[in-house]
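Enquirer: Numbering (this note's numbering), first residue to last: 713 to 893.
Every residue, glycine too, gets a C-beta built ideally from N, C-alpha and C.
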């Protein structure tokens with residue numbers, strides 16, 4: 713279950729020390745319990761696969777779930793995808809110490825059993841509205857990935873399908889049998 717608390721400021725969000733996973737959506741704090749084994753396993757597999765591809769092609773940087781993306785100028789929506797990718801020309805400089813201002817090019821959410829469908833859809837909508845080109849929602853229990861991109865219907869992929877990077881990560885291809893195997 714996702715705990716929700718309203719009226720949270722960016723400064724209060726930055727100061728959270730409670731273990732678990734947190735997002736700020738329109739000023740509401742959405743908190744989930746710490747990740748369990750399936751969640752951590754799939755986030756790590758996707759991170760490793762993306763890093764290998766990005767290092768070979770030099771087209772950006774992969775970030776883990778600890779990075780917050782400030783999706784609006786008010787600081788009321790800050791999402792922390794489990795894995796994200798930012799193209800080279802959008803990588804912040806070494807002096808940058810705040811949340812990333814803007815949307816990732818790719819956001820990956822590994823969906824836990826405690827997450828509600830409405831909240832997953834809200835996060836996907838916030839990413840796409842803020843300019844994220846590609847969102848992957850990974851459902852370990854169903855062995856599926858739902859792919860979202862702007863102006864396209866969601867694509868549901870199963871274990872026999874290939875997850876590709878489209879225009880965001882040209883040449884990236886992950887057989888889902890390898891991910892779910």
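(1) Rounded to the nearest angstrom, what separates residue 883 and residue 784 at their Cα positions?
(2) Here's a check: name, in chain order, each residue in its chain whose Cβ is nearer than 8 Å to the Cβ of residue 844, leaving out the five neighbours to either side.
(3) Is the CB-CB distance between residue 858 and residue 797 below 8 Å?
(4) May I ask which residues mark the beginning and end of the alpha helix (DSSP H) holding residue 763?
(5) For the alpha helix (DSSP H) containing residue 887, list its first residue and its last residue.
(6) By Cβ distance, which residues of its chain are closer than 8 Å to residue 771, with the 5 residues on each side in sequence left out?
(7) Mind checking residue 791: buried by the 16 CB within 10 Å criterion, or exposed?
(8) Less than 8 Å between the C-beta atoms of residue 744 and residue 732, yes or no?
(9) Would you call residue 769 buried or exposed, if buried means 16 or more other Cβ atoms sit within 10 Å of its Cβ?
(10) Kindly indicate which three-state DSSP category residue 856 falls into: helix, strand or coil?
(11) Grouping DSSP H, G and I as helix and E and B as strand, with all else coil, what is residue 880?
(12) Do residue 873 and residue 888 come within 8 Å of each other at the CB atom, strictly closer than that value?
(13) Is it buried or exposed for residue 835, if we count other Cβ within 10 angstroms and need 16 for buried?
(14) Please report the straight-line C-alpha distance between residue 734 and residue 721, rounded to a whole angstrom.
(15) Could you give the distance in angstroms between the alpha-carbon of residue 825 and the alpha-carbon of residue 851?
Expert: According to the structure data:
(1) If you take the alpha carbons of residue 883 and residue 784, they lie about 31 Å apart.
(2) Leaving aside the five residues that flank residue 844 on each side, the residues in its chain whose CB is nearer than 8 Å to its CB run, in chain order, 815, 816, 817, 818 and 819.
(3) No. Outside cutoff.
(4) Where residue 763 is concerned, the enclosing alpha helix (DSSP H) stretches over 749-769.
(5) In the DSSP assignment, residue 887 falls outside any alpha helix (DSSP H) and lies within the beta strand (DSSP E) extending over 885-887.
(6) Here the set comprises 799, 800, 881 and 882.
(7) Buried, since its Cβ has 16 or more Cβ neighbours within 10 Å.
(8) Residue 732 is positioned such that its CB atom lies closer than 8 Å to that of residue 744.
(9) With fewer than 16 other CB atoms across the displayed protein chains lying within 10 angstroms of its CB, residue 769 is exposed.
(10) Here residue 856 sits in strand by DSSP.
(11) Reduced to three states, the DSSP call for residue 880 is coil.
(12) Yes, Cβ-Cβ distance for residue 888 and residue 873 is below 8 Å.
(13) Buried, since its Cβ has 16 or more Cβ neighbours within 10 Å.
(14) A straight-line Cα-Cα distance of about 13 Å links residue 734 and residue 721.
(15) Each residue's alpha carbon lies about 9 Å from the other.
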